[in-house]
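Student: Protein sequence lines, in the order shown, are assigned to chains A and B. Mapping the first sequence onto the working numbering, position 70 (from 1) lands on 830, and the numbers just tick up by one. Mapping the second sequence onto the working numbering, position 276 (from 1) lands on 364, and the numbers just tick up by one. Mind having a look at this structure? Questions to follow.
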Amino acid sequence: MQGSGYVWKRVGFAVVTVFVALTLNFVLFRVLPGGPVSQISRVPNASPALKQALIAQFGLDKPLWEQYLLYLGQTLHGNLGVSYMNRQPVFDNLIEAFANTIPMVALGTILALVIGIAAGVVSAVRRGSAIDHLSTNIAVLFYAFPTQFLGMMLLIAFAGILPAAGMNDPFAIGGSRWDAFLDMLKHMILPVTTLALTLYAENALIVRSAMLETLGEDYILTAKAKGVPRGRLIRAHALRNAMLPIVTMVAMSLGAIVTGSILIEVIFSWPGIGRALYTAVLKRDYPMLQGGFLAITVVVITFNLFADLIYHKLDPRIAT
Amino acid sequence: MNSALAIQDLNIWFGTDVGVRRAEFHVVKNVNLELAPGERLGLVGESGSGKTTTILAAMGLLTSNAEVSGRIILDRKDILRDGELSVAPHRWKDIAMVFQGAMSAFNPVKTIGWQIAEAMQVHGVARGVAMSRRIGELLELVGIPADHASRFPHQFSGGMRQRAMIAMALACEPKVLLADEPTTALDVMVQDQVMKLLVRLSKELNLALILVTHDLAVVAQSCHRAAVMLKGEVIEQGRVADLYHRPKHEYTRKLFDATPDVFAAAQAPRRVSTPPSEVPQNAPLLDVRGLSVSYLRSRTFGDMVRGRPAEAPVAVDDVSLRVKRGEMVALVGQSGSGKTTTLQAVLGMIRPRGGSIQINGRDVTSLTSRQWRPLRRQVQMIYQDPYESLDLRYRVRSTVEEPLRVHGIGATAKERETLVSAALDRVGLTPVQRYLGRFPHELSGGQRQRVAIAAAIVLKPELLLADEPVSMLDVSVRAGVLELLNELRADSRMGILMITHDLSTAANYADRVAVMHQGRIVEEGDAATVVRSPRAPYTRALLASIPHPDPDRSGFGDSAA
């Protein structure tokens, strides 16, 4: 395959972007008002000496550039520091949070993709029909819905029937692993539904317009003239080409989903990365914030890189 | 008569709106065509005459807002009778089609081989090893190496793509081939190859062919019979030789007359000619010397890492050109020969790598865009596609007035309006009042190009650069636009540099012709001389590939009729 140049170029850009993000991450939290120590030292009988000791312990008395170099060096060694809040390594905190977020986000995204692509394709193929109007209007409705509002509404409507908070039942101790898994699935229903509904709408609209465009291309007419049956025409010719813009947009939005999950995780008290970051912001937990945002940056950049590489696979015209 | 395909009483309406209001357009009216096995029929007409709609109907490929009546007889059966159900089994197996856009008729993300294979799989014609072998055979039949099957459409040139399309059309051994403007987007030499291939295949495989085209010369050289369509009706059909020598319908005569004839031009050069002595011997208006231009490819990441400069392929190499006042010079060449690049360099849009450009004695080679601005009054440009060069939201008045505003000519609106009217009058859009308030979509292609010319000449430039000014226009209006340019040259003493891929047009209208090939000018001289006794081998090859509207001349099949 002639195209390794393309792959390396993409990977190179991704690495540079990560470094820039790393630096911005450092600067950003230093210019925010409020300090970490003022929060932690807000205990009865806190003396200025305690405050000083904390500052020294966290290394905040060192000059900024030294803090920066330390930060860079440690980050590159996989050490993201220790959380000011729970004194655990940030790395471990993040791993745990991501481990909780990923199943929920992945399930929501996959649902959103499947429903979105199906709805978009049906709309495009039956353009102008009642089904198209219905589907498009529903999609626009959900697209316009703020996530937090939709989440609240679902919470109000289903709170009694389905578990509304957390990712497992704290009192269900002693069940088998299978029971625990089923319990988690049950807890997932509401957050996943919220995520899937907000995302599906965007996918459906993108797929519809991409499909309409490819359906009008000359090669579709060629395929029709060849006698290609309708199903194959839509799959192998129209959708295959419509996938090109879709892949880019979906991959771009995938990165944003992790951040978008902040709202959902806070509403449904899901102990994932979104909620962890939310808490860290409130508590000015610098290492946690830096680590968290770095992780999100890396996720976004990785997904974009994925998109580029998949695009490269899907579109033979991209050679360099 | 045992016909391969018969179209009987075909009528097609397009509903603009499927609803209560049935505002319908009757686009094909009572068309009857019959085709014997191995016969080649040319379906000729201008854009909008219904020729493409007719053949699309024969394959049941019209969009759902079309209403069709009539019969398409294949094997003594009416394949339209039961709609989709009765057409589907015949598509590609009995009737195959070659489309106009060689560029976009292939799915860009699948290999050529995959797409040919699909046609066979769908109809269960072949599978497995036999199918792979058949793909190779088909490609070799059209002169493409068999191993090219694994390539993607974008890796093929335009001509190869069209030949691959023909290979795909033959995959299921059809009896009838419908070709919709198969060579329109191709250069004349590639057109020559593709047409020869079609004629050869039609003879070898006893394939009935309907060739849809606006180019009578192509039909004259490849078909037995022709049908001329005008506004949805077949107004005349018969043997090509009869149509050429004894047209019954005035429109047929007009079409043949409008078809440029490079050979006639060689005998009696220039329809409206100025004796050479009348061309003033003053300093040239445009003097290009040793121009060379190279395009910088943007540096890749790898280049940057290795500290390598971007590659610089040469687009224009040592080109020298002169245009005098009152003279029309044609720059002729295939696409990619560097003619448009030359023009852009003259306009100051591209910085040349070497050589000099003088306009009216002033060196403009390295002027900045700010220094260029006052000069733009003297040099104006006419573009190829009047459908894209006009702003769709500007009325004719605003389009023509804009250059005046830009250059601050005409103190009052009234003064400018007078100038605008004069320009429109000059390009033959009269009465002017009728056109001033119109939008481009309310004009025909020829009228649009006239508006574009009016916007160019409203500044009274001395030098007019025209990039393929008629190639997007219908044959019958081409002559009018070229005639207009000729008048501007003769009466207003403008110098005109016209780019064209069509040697016939050049020979008919230009004083001098420069033939460009691979960035260089391979031959230059008096138009009639170049056509009558070409010196460069490339010019000779170019001339040999131009189809002649007279069917008796040797053509694509050498014994077409």
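Glycine residues also receive a C-beta, built at the ideal position from the N, C-alpha and C atoms.
Could you say if the stretch 182-202 of chain B and the stretch 259-268 of chain B meet the contact criterion of at least three C-beta pairs nearer than 8 Å?
Tutor: Cβ pair count under 8 Å is three or more, so yes.
Student: Which value, in whole angstroms, describes the spacing of the CA atoms of A:Leu-867 and A:Leu-1049?
Tutor: Numbered from 1 along the first sequence, position 107 holds the residue referred to as residue 867 of chain A. Numbered from 1 along the first sequence, position 289 holds the residue referred to as residue 1049 of chain A. Rounded to the nearest angstrom, the two C-alpha atoms are 26 Å apart.
Student: May I have the straight-line CA-CA distance separating B:Ser-532 from B:Thr-151, to the nearest angstrom?
Tutor: Translated into the one-based positions of the second sequence, residue 532 of chain B becomes position 444. Translated into the one-based positions of the second sequence, residue 151 of chain B becomes position 63. Distance between the alpha carbons of B:Ser-532 and B:Thr-151 is about 25 Å.
Student: Within a Cβ cutoff of 6 Å, which residues of the same chain sit near B:Ala-542, ignoring the five residues on either side of it in sequence?
Tutor: For the purposes of this step, residue 542 of chain B is identified with residue 454 of the second sequence, where counting begins at 1. Same-chain partners within the cutoff: Val-488, Ala-511, Leu-512 and Val-515.
Student: Just confirm the distance between the C-beta atoms of B:Gln-537 and B:Pro-474, as a whole number of angstroms; I'd bet it's less than 8 Å.
Tutor: Counting from 1 along the second sequence, the entry for residue 537 of chain B is found at position 449. Counting from 1 along the second sequence, the entry for residue 474 of chain B is found at position 386. Between B:Pro-474 and B:Gln-537 the Cβ distance is about 4 Å, and since that is below 8 Å, they are a contact.
Student: For the structure I just gave you, are there three or more beta carbon pairs, one from the stretch 344-353 of chain B and one from the stretch 143-150 of chain B, closer than 8 Å?
Tutor: At 8 Å Cβ cutoff, the stretches do not touch.
Student: So what does DSSP say about B:Phe-102, is it helix, strand or coil?
Tutor: Within the second sequence, the letter at position 14 stands for residue 102 of chain B. DSSP places B:Phe-102 in strand when its eight states are reduced to three.
Student: How far does the alpha helix (DSSP H) with B:Gly-216 in it extend, from its first residue to its last?
Tutor: Looking up residue 216 of chain B in the second sequence gives position 128. Counting along the chain, the alpha helix (DSSP H) containing B:Gly-216 begins and ends at 216-229.
Student: At 3 residues or longer, what runs of the beta strand (DSSP E) sit wholly inside the stretch 422-483 of chain B?
Tutor: Listed in chain order, the complete beta strand (DSSP E) runs (minimum 3 residues) inside the stretch 422-483 of chain B are 442-447 and 467-470.
Student: How many whole angstroms separate the CB atoms of B:Leu-630 and B:Val-306, which I take to be in contact at a CB cut-off of 8 Å?
Tutor: On the second sequence, residue 630 of chain B is found 542 positions in, with the first residue counted as 1. On the second sequence, residue 306 of chain B is found 218 positions in, with the first residue counted as 1. 16 Å between Cβ atoms; not a contact.
Student: What number of angstroms, rounded off, separates the C-alpha of A:Ser-843 from the C-alpha of B:Asn-195?
Tutor: The sequence position of residue 843 of chain A within the first sequence is 83, counting from 1. The sequence position of residue 195 of chain B within the second sequence is 107, counting from 1. Looking at the two C-alpha atoms, the distance is approximately 54 Å.
Student: At the level of alpha carbons, what is the spacing between A:Thr-835 and A:Ala-1036?
Tutor: Counting from one through the first sequence, the residue named residue 835 of chain A turns up at place 75. Counting from one through the first sequence, the residue named residue 1036 of chain A turns up at place 276. Cα to Cα, the separation comes out at about 19 Å.
Student: Note down, in chain order, every chain A residue with its Cβ under 7 Å from the Cβ of B:Met-219.
Tutor: As a working note, residue 219 of chain B is residue 131 in the second sequence. Ordered by position in chain A, no residue passes the 7 Å Cβ test against B:Met-219, which lies about 15 Å from the chain.
Student: Please list, in chain order, all residues of the same chain as B:Pro-639 whose beta carbon is under 6 Å from its beta carbon, the five residues on each side excluded.
Tutor: Position 551 of the second sequence, counted from the start, is the residue given in the question as residue 639 of chain B. So the list reads Ala-308, Val-328, Ala-329, Tyr-332 and Ala-649, once near-sequence residues are dropped.
Student: With DSSP as the reference, label A:Leu-910 as helix, strand or coil.
Tutor: To locate residue 910 of chain A, count along the first sequence from 1; it is residue 150. Looking at A:Leu-910 - three-state DSSP - the assignment turns out to be helix.
Student: So, helix, strand or coil for B:His-114, using DSSP?
Tutor: Taking the second sequence and counting its residues from 1, one reaches residue 114 of chain B at position 26. B:His-114: strand per DSSP, three-state reduction.
Student: Which residues in chain A have a C-beta closer than 8 Å to the C-beta of B:Phe-240? List them in chain order.
Tutor: Here residue 240 of chain B refers to the residue found at position 152 when the second sequence is read from its first residue. Pro-1076 and Arg-1077, listed in chain order.
Student: Spatial neighbours of B:Gly-107 within its chain, please: C-beta separation below 8 Å, excluding the five flanking residues on both sides.
Tutor: Walking along the second sequence from the start, residue 107 of chain B turns up at place 19. In this prediction, B:Gly-107 scores a pLDDT of 47, lower than 50, which makes its location untrustworthy; no coordinate-derived value is stated.
Student: Output yes if chain B places a C-beta closer than 8 Å to the C-beta of A:Ala-757; else output no.
Tutor: Absent from the structure is residue 757 of chain A, since the part of chain A shown begins at 761 and ends at 1080.
Student: Starting from B:Ser-192, find everything on chain A with Cβ-Cβ shorter than 7 Å and list it in chain order.
Tutor: On the second sequence, residue 192 of chain B is found 104 positions in, with the first residue counted as 1. Ordered by position in chain A, the residues that pass the 7 Å Cβ test against B:Ser-192 are Glu-977, Asp-978 and Tyr-979.
Student: Determine the direct distance from the alpha carbon of B:Leu-524 to that of B:Glu-127, and round the result to whole angstroms.
Tutor: To locate residue 127 of chain B, count along the second sequence from 1; it is residue 39. To locate residue 524 of chain B, count along the second sequence from 1; it is residue 436. Taking the straight line from one Cα to the other gives about 50 Å.
Student: By alpha-carbon positions, which one of B:Leu-121, B:Pro-177 and B:Leu-266 ends up nearest to B:Ser-91?
Tutor: Along the second sequence, read from residue 1 onward, the residue named residue 91 of chain B stands at position 3. Of the candidates B:Leu-121, B:Pro-177 and B:Leu-266, the one whose C-alpha sits nearest the C-alpha of B:Ser-91 is B:Leu-121.
Student: List, in order along the chain, the chain A residues whose C-beta lies closer than 9 Å to that of B:Asn-195?
Tutor: Here residue 195 of chain B is taken as the residue at index 107 of the second sequence, counted from 1. Those are Glu-977, Tyr-979, Ile-980, Thr-982, Ala-983, Ala-996, His-997, Arg-1000 and Asn-1001, listed as they occur along chain A.
Student: Might you give, ordered along the chain, the residues of its own chain that have their beta carbon closer than 7 Å to the beta carbon of B:Met-40, omitting 5 neighbours on each side?
Tutor: Any property of residue 40 of chain B remains undetermined from this structure, which presents chain B solely from 89 to 649.
Student: From the DSSP output, read off the bridge partner residues of B:Pro-196.
Tutor: Counting from one through the second sequence, the residue named residue 196 of chain B turns up at place 108. Beta-bridge pairing links B:Pro-196 to no other residue.
Student: For a cutoff of 8 Å on Cβ pairs, would you count B:His-236 as touching chain A?
Tutor: Taking the second sequence and counting its residues from 1, the one referred to as residue 236 of chain B is at position 148. No, its Cβ sits nowhere closer than 8 Å to a Cβ of chain A.
Student: Only counting the same chain, and skipping five residues up and downstream in sequence, which positions put a Cβ closer than 7 Å to that of A:Thr-953?
Tutor: Mapped onto the first sequence, residue 953 of chain A falls at position 193. The answer, listed in chain order, is Leu-914.
Student: Given 8 Å as the limit, is there contact between the stretch 135-144 of chain B and the stretch 1052-1072 of chain A, that is, 3 or more CB pairs closer than that?
Tutor: No, the stretch 135-144 of chain B does not touch the stretch 1052-1072 of chain A.
Student: Tell me which same chain residues have a C-beta within less than 8 Å of the C-beta of B:Pro-637, skipping the five on either side of it?
Tutor: As a first step, residue 637 of chain B must be located in the second sequence, where it is residue number 549. Cβ within range, chain order: Leu-304, Ala-305, Ala-308, Tyr-332, Phe-344, Thr-347 and Asp-349.
Student: Can you list, in chain order, the residues of its chain with a C-beta nearer than 6 Å to that of B:Arg-222? Leave out the 5 residues immediately preceding and following it.
Tutor: Looking up residue 222 of chain B in the second sequence gives position 134. So the list reads Ala-214, once near-sequence residues are dropped.
Student: Could you pull the start and end residues of the beta strand (DSSP E) that B:Ile-161 belongs to?
Tutor: On the second sequence, residue 161 of chain B is found 73 positions in, with the first residue counted as 1. First-last of the beta strand (DSSP E) with B:Ile-161: 154-162.
Student: Can you give me the start and stop residues for the alpha helix (DSSP H) that B:Ala-329 sits inside?
Tutor: Within the second sequence, numbered from 1, the residue matching residue 329 of chain B stands at position 241. Segment 328-333, the alpha helix (DSSP H) holding B:Ala-329.
Student: Go to B:Leu-343, then tell me how far its alpha helix (DSSP H) extends in each direction, as first and last residue.
Tutor: To locate residue 343 of chain B, count along the second sequence from 1; it is residue 255. Segment 338-346, the alpha helix (DSSP H) holding B:Leu-343.
Student: Taking B:Phe-102 as the query, report the chain A residues whose CB atoms sit under 8 Å from its CB, ordered along the chain.
Tutor: Taking the first residue of the second sequence as position 1, residue 102 of chain B is located at position 14. Result: empty, since nearest Cβ-Cβ is about 16 Å, beyond 8 Å.
Student: Should A:Met-971 be labelled buried (16 or more other beta-carbon atoms within 10 Å of its own) or exposed?
Tutor: Along the first sequence, read from residue 1 onward, the residue named residue 971 of chain A stands at position 211. A:Met-971 is buried by the Cβ-count criterion.
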